[in-house]
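**Student:** Protein chains in written order, with the numbering used here: chain A, 804 to 1381; chain B, 28 to 394.
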Amino acid sequence: MTDSVGRLAPLPALAPRLDLKWLVIGVAVALVVWLALVPLVFLLWQSFLTPQTAAEPARYTLENFRTAYLSSDNARLFTNSLQFAVGAAVLSLVVGTSLAWMNERTNTPFKTLFFALAIIPLVIPGILFTVAWILLGSPKIGLLNLGLQKLFDTDAVFVNVYTMAGMIWIDGLHYSPVAFLLMSAAFRSMDPALEEQAAMSGASILQIARRITLPLAWPAALGALLILFVRAIESFEVPALLGLPVGIHVYTSSIYQAIHQYPSEIGLAAAYAVTLLLITSLGTYWQSRLSRQGGRFSTVTGKGFRPRTIDLGRWRYLTATIFIVYFVVIVLLPFLVLVWSSLQKFYSAPSWAALRRVSLDSYRAVLDHPQFANTVWNSVVLALGTAITVMLVSAVIAWIVVRTKVPGRWLLDNLASLPLVFPGLVLGLAIMVCYLYVDIGVYGTLWIIFIAYVTRFLPYGMRYSSASMLQIHKELEESAAMSGASWSMTFRRVVLPLLKPGLLAGFIYVMIVSVRELSSSILLYSPGTEVVSIMIWELWQNGQYVELSALGVMLIVALFVLVLLAQLAGRRFGIAET
Amino acid sequence: MGLLSVRSLFTEYANEGGGAVKAVQNVSFEVPEGKLFTLLGPSGCGKTTTLRSIAGLERPSAGDIEVAGRLVYSSEQGIFVAPNKRNFGMVFQSYAIWPHMNVFQNAAFPLEVRGLAKTEVRERVMRVLQAVALDDLLERDATKLSGGQQQRLALARALVMEPQILLLDEPLSNLDAKLRDRMRSELKRLQRDLNLTTVYVTHDQSEALALSHEIAVMNEGRIVQIGTPRQIYEQPADRFVADFVGMTNFIGGTVTALANGRCVVSSAMGEIKAHASEGVRKDAAVIVSVRPEDVELSEAPPAADDRDNVCKGTIDAKDFLGDYLDFRVKVGDVVLLAKAHPSLRTPTGDSIYLRMKADKCVVISSR
Chain A
804 MTDSVGRLAP LPALAPRLDL KWLVIGVAVA LVVWLALVPL VFLLWQSFLT PQTAAEPARY
864 TLENFRTAYL SSDNARLFTN SLQFAVGAAV LSLVVGTSLA WMNERTNTPF KTLFFALAII
924 PLVIPGILFT VAWILLGSPK IGLLNLGLQK LFDTDAVFVN VYTMAGMIWI DGLHYSPVAF
984 LLMSAAFRSM DPALEEQAAM SGASILQIAR RITLPLAWPA ALGALLILFV RAIESFEVPA
1044 LLGLPVGIHV YTSSIYQAIH QYPSEIGLAA AYAVTLLLIT SLGTYWQSRL SRQGGRFSTV
1104 TGKGFRPRTI DLGRWRYLTA TIFIVYFVVI VLLPFLVLVW SSLQKFYSAP SWAALRRVSL
1164 DSYRAVLDHP QFANTVWNSV VLALGTAITV MLVSAVIAWI VVRTKVPGRW LLDNLASLPL
1224 VFPGLVLGLA IMVCYLYVDI GVYGTLWIIF IAYVTRFLPY GMRYSSASML QIHKELEESA
1284 AMSGASWSMT FRRVVLPLLK PGLLAGFIYV MIVSVRELSS SILLYSPGTE VVSIMIWELW
1344 QNGQYVELSA LGVMLIVALF VLVLLAQLAG RRFGIAET
Chain B
28 MGLLSVRSLF TEYANEGGGA VKAVQNVSFE VPEGKLFTLL GPSGCGKTTT LRSIAGLERP
88 SAGDIEVAGR LVYSSEQGIF VAPNKRNFGM VFQSYAIWPH MNVFQNAAFP LEVRGLAKTE
148 VRERVMRVLQ AVALDDLLER DATKLSGGQQ QRLALARALV MEPQILLLDE PLSNLDAKLR
208 DRMRSELKRL QRDLNLTTVY VTHDQSEALA LSHEIAVMNE GRIVQIGTPR QIYEQPADRF
268 VADFVGMTNF IGGTVTALAN GRCVVSSAMG EIKAHASEGV RKDAAVIVSV RPEDVELSEA
328 PPAADDRDNV CKGTIDAKDF LGDYLDFRVK VGDVVLLAKA HPSLRTPTGD SIYLRMKADK
388 CVVISSR
């Protein structure tokens, strides 16, 4: 009797107690698995099913993949998609790299101002940028055509955006700031001593560029190209607005069409989506391998140095002009054309007659629109909810990944970043299918859009959170524990406040991308749960261009204010780490 | 028995290749109440791991850690008290001053998490900040403190909760040389005044010698020698301790005679009368360790009794270092390092007499 008690006694002390830390870690893991993996499984499963009709239940089939791969259209679809994505990525990279080089490596005047301006295009939602360029470059109503026709007194069509080249031009231009930012960082972190050493060895400027600068920038450029390629092949707005009307199909627009035809072919859409997912996964995998290998080429020294700039002499006026032209083409023209169109009652080209008809009626019409208040409310609630959820969840995950020694934490990190490979449309489709079958009452509500946004933007949140977490010295937390603070107290009083600048920046970024989001929402919204980007889409489908322009102008201004707030907040709450 | 006792501590962790790194092996020591105990050793010797195990920031794989009769860790009984429940104060190498709080908030944190009343928090924080002379900087942002002020704030934060023991992880290593000396004596005064049981980790032998009641020298995860600063310096247990703690001359040889804790070693520079440490056997191959300052130089033959070693050598090189001179003296094939007063002006190449007291020549087994 006493013997058995004596043997049992030490056991309770060994059993791990359930404390808050483990509960939080468990919930985070379960949440990430649910968000990132479950819809993927449903998508795969759905791609092997026939359409479900009233007469016939769904059954297993390979027909979807047969249609997707073996039909005669497939080759065209595949080459179109690649052509579009490669074209747009290369255009972005060439434009972005040239601008980055001029900005970082030359003495072009006003370049600090330019750096601030170059980021503005990222604020303009893709659908508005596309619509603006249609108003500029459409063969019938495009202002560029009308202007040139008037100038040369002819009927010839000079510019036509309803072509593959037009699609590449608009999409490539819209994302050139991404290339600009990536390549600026690469140029900035390059140790100028490497180039100076080459100069001391007797190399000319051209030889230095060819033998030293380019090989050093090459891994960064290839990485940027892959990022841009993946992004372009996911692009929905441009192919849908420009490609579909003239029959230039790519994967994203085909997925959309397969769902929106009658009867809708969800299985076929899923098969296309699986294919697209394979391409984006390959691209992302290659890019991440490249950036890991990049350690070999590491150009970041961590030393504070002032990069030497090249004196361009009189050529700097040319580079300054290029900057101005770029800004006009990418920001001023699209925005002004939207402003002009928003001031008209019916869309018409600028003329003295039209100028006399300028009015604010379209703004009034948008504000009086029966859906308007509800739509804005939906967008605001979704943006706030998504940003709060994403930043909280990613802060906890980043903490687990960076700080703890929980086994399998690398898996958690990868899972949380997995949604990066989901094109918005594919994610929308997967989530739609998932919650059609798992009926927990979210289908057709704002919740399903919320789930899609959280999944889609979790990787962005992770990036902000891990980066700030890595900057916090481990001992700052340990000293809180030594002071007697429990885990939750330490997280609340020390970790979160220190993460605040990073979390706030991430919060505003996630809000901006949530408001802009279209490609996931378009498969998930129902009457009553429209968001602003969907309202723009519907106005476009109805041909209400002036109302669309008015709504667009208001949206761009609102997003711009958000960006200003973000930069202000970054300065206000920035803590100097010493 | 000590206030803190660490018994047979082992710590292992997996390295990146999946193999086990034996960070700490069979480490045991006792720290009596009110004493300052130092873990001294080169980086990677396991001293910080040992300290963090006492703190509870790291979980050892085996052993016991007991403080004032309370087991805070025991592998056998499955006890592991979380660091926030141990009530030990700690000063980290980086000081870990929270940059989002001011001086007062940093120091008040340990009391606030214990749920103390506002007035009591204020009173105790003021008292401890006064002790470290930071009471006029209450509202100062933590990021605007100098290195020395940060160090004192970290100390205040560790002391404010009146910890059972104080753990210091290389607290002076981030300061510049002059400030380090000042903070060292201030730390010593505070520790002695408050009678705080303290474990101190450092790789700097002069810090360890100046501050400690007792020192444990660690190497490759094990404690090599425990003793008072004088014992460690004057009677190093092995070659590693002699070499790590201060400069020394090593002379190889064989024990030819052994009696009453004294022995005679035959070496390349002749016979050396020396102090025999434990475990020295006759005919064993040994090393004799002599500190440079114990090699006395003179131009005239020195007075010597039968406990002194006297021999003649030639000056090979000398360096003037201000407060003393470094001589390299060749005796036979052996080159000895000697410290001498700057008044000794014998030129290089001349011959010179050396005297080494037998007590200062320590015989170490040469394995």
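Each residue gets a CB set at the ideal place from its N, CA and C atoms; glycine is no exception.
All values reported here derive from a predicted model rather than from experimental measurement.
By the 10 Å Cβ neighbour count, where 16 or more other Cβ atoms means buried, how is ARG1117(A) classified, buried or exposed?
**Tutor:** When all chains shown are included, ARG1117(A) counts as exposed.
**Student:** Name the residues in the stretch 1300–1315 of chain A whose C-beta lies less than 9 Å from a C-beta of chain B; which are they?
**Tutor:** Taking 9 Å as the Cβ-Cβ cut-off against chain B, the residues of the stretch 1300–1315 of chain A that qualify are PRO1300, LEU1301, LYS1303.
**Student:** For the stretch 1263–1279 of chain A, which residues have a CB atom closer than 8 Å to at least one CB atom of chain B, in sequence order?
**Tutor:** Here the close residues are HIS1276, GLU1278, LEU1279.
**Student:** Could you tell me which of GLY1026(A), THR1016(A), LEU1261(A) sits nearest to ARG991(A), measuring between CA atoms?
**Tutor:** That would be THR1016(A), whose Cα lies nearest to the Cα of ARG991(A).
**Student:** Is GLU1037(A) near LEU1321(A), with beta carbons less than 8 Å apart?
**Tutor:** Their beta carbons are not under 8 Å apart, which means GLU1037(A) does not touch LEU1321(A) by this criterion.
**Student:** Step through the CB atoms of chain A and report whether any lies within less than 8 Å of the CB of PRO198(B).
**Tutor:** It does not; no Cβ of chain A falls within 8 Å.
**Student:** How big is the Cα-Cα spacing for ALA311(B) and SER293(B)?
**Tutor:** Those two C-alpha atoms are separated by around 11 Å.
**Student:** Quick check: LYS300(B) and VAL313(B), are their CB atoms within less than 8 Å of each other?
**Tutor:** Against a cut-off of 8 Å, the Cβ pair of VAL313(B) and LYS300(B) comes out as no contact.
**Student:** According to DSSP, is LEU285(B) helix, strand or coil?
**Tutor:** It is a strand residue.
**Student:** By how many angstroms is the C-alpha of VAL1316(A) removed from the C-alpha of LEU1136(A)?
**Tutor:** If I take the Cα positions, the gap works out to 23 Å.
**Student:** Taking DSSP as the reference, what is the three-state secondary structure of ASN1345(A)?
**Tutor:** If DSSP states are grouped into helix, strand and coil, ASN1345(A) belongs with coil.
**Student:** Checking 8 Å against the spacing of the C-beta atoms, do VAL58(B) and THR255(B) come in under that value?
**Tutor:** Going by C-beta atoms, VAL58(B) is not nearer than 8 Å to THR255(B).
**Student:** Quick one, which of ALA269(B), LEU238(B), ASP91(B) has its alpha-carbon nearest GLN423(B)'s?
**Tutor:** Beyond the ends of chain B as shown, which are 28 and 394, falls residue 423(B); an answer cannot be given.
**Student:** Please give the ranges of any beta strand (DSSP E) in the stretch 226–253 of chain B, keeping only runs that are unbroken, at least 3 residues long and fully inside the region.
**Tutor:** Complete beta strand (DSSP E) runs here, min 3: 241–246.
**Student:** With 8 Å set as the bound, which would you pick, yes or no: does the beta-carbon of GLY1287(A) sit closer than that to a beta-carbon of chain B?
**Tutor:** Interface residue, yes.
**Student:** Is there a Cβ of chain B sitting closer than 8 Å to that of MET993(A), yes or no?
**Tutor:** For MET993(A), the answer is no, since every Cβ of chain B falls outside 8 Å of its Cβ.
**Student:** Helix, strand or coil: which one does DSSP assign to SER1038(A)?
**Tutor:** Of the three classes helix, strand and coil, the one that applies to SER1038(A) here is coil, per DSSP.
**Student:** Among GLN1010(A), ILE1030(A), LEU1170(A), HIS1063(A), whose alpha-carbon lies nearest the alpha-carbon of LEU1085(A)?
**Tutor:** For the residues GLN1010(A), ILE1030(A), LEU1170(A), HIS1063(A), the minimum Cα distance to LEU1085(A) belongs to ILE1030(A).
**Student:** Apply the 10 Å Cβ neighbour rule to GLY1346(A) and answer buried if 16 or more other Cβ atoms are within range, or exposed otherwise.
**Tutor:** GLY1346(A) comes out exposed.
**Student:** So which residues on chain B does ALA1284(A) lean against when the C-beta distance must stay under 8 Å?
**Tutor:** The answer, in chain order, is GLY83, LEU84, ALA109, PRO110, ASN111.
**Student:** Starting from SER23(B), find everything on chain A with Cβ-Cβ shorter than 7 Å and list it in chain order.
**Tutor:** Since the displayed chain B opens at 28 and closes at 394, residue 23(B) lies outside it and no answer follows.
**Student:** Spell out the partners DSSP gives PHE37(B) in its beta bridges.
**Tutor:** Bridge partners of PHE37(B): ALA89(B).
**Student:** Could you tell me whether any Cβ in chain A is nearer than 8 Å to the Cβ of SER173(B)?
**Tutor:** By this cut-off, SER173(B) is not an interface position.
**Student:** Looking at the C-beta of GLU1281(A), does it have a partner C-beta in chain B at a distance below 8 Å?
**Tutor:** Cβ-Cβ to chain B under 8 Å: yes for GLU1281(A).
**Student:** What first and last residue would you give for the beta strand (DSSP E) that runs through LYS1148(A)?
**Tutor:** Neither: LYS1148(A) is in no beta strand (DSSP E) and is coded neither H nor E.
**Student:** Residue range of the beta strand (DSSP E) that GLU49(B) falls in?
**Tutor:** The identity of residue 49(B) in the sequence shown is Lys, whereas the question assumes Glu. Where LYS49(B) is concerned, the enclosing beta strand (DSSP E) stretches over 47–58.
**Student:** Along the chain, where does the alpha helix (DSSP H) that runs through TYR1054(A) open and close?
**Tutor:** Where TYR1054(A) is concerned, the enclosing alpha helix (DSSP H) stretches over 1054–1063.
**Student:** MET117(B) touches chain A at which residues, Cβ-Cβ below 8 Å?
**Tutor:** The contacting residues are GLU1281, SER1282, MET1285.
**Student:** Does MET1292(A) have its Cβ less than 8 Å from a Cβ in chain B?
**Tutor:** MET1292(A) counts as touching chain B.
**Student:** Shorter than 8 Å from the beta carbon of VAL1297(A) to some beta carbon of chain B?
**Tutor:** It does: the Cβ of VAL1297(A) has a partner Cβ on chain B nearer than 8 Å.
**Student:** Compute the Euclidean distance between the alpha carbons of GLY105(B) and ALA1284(A), then round it to the nearest angstrom.
**Tutor:** Looking at the two C-alpha atoms, the distance is approximately 21 Å.
**Student:** With contact counted as at least three CB pairs below 8 Å, one residue from each stretch, are the stretch 865–884 of chain A and the stretch 1068–1077 of chain A in contact?
**Tutor:** Touching, yes.
**Student:** Out of curiosity, what's the CA-to-CA distance linking LEU939(A) and SER895(A)?
**Tutor:** Cα to Cα, LEU939(A) sits roughly 20 Å from SER895(A).
**Student:** Can you tell me the Cα-Cα spacing of MET117(B) and GLU247(B), whole angstroms?
**Tutor:** Cα-Cα distance, rounded: 24 Å.
**Student:** What is the DSSP secondary structure of ILE1069(A), counted as helix, strand or coil?
**Tutor:** Of the three classes helix, strand and coil, the one that applies to ILE1069(A) here is helix, per DSSP.
**Student:** How is MET383(B) classed by DSSP in three states: helix, strand or coil?
**Tutor:** If DSSP states are grouped into helix, strand and coil, MET383(B) belongs with the strands.
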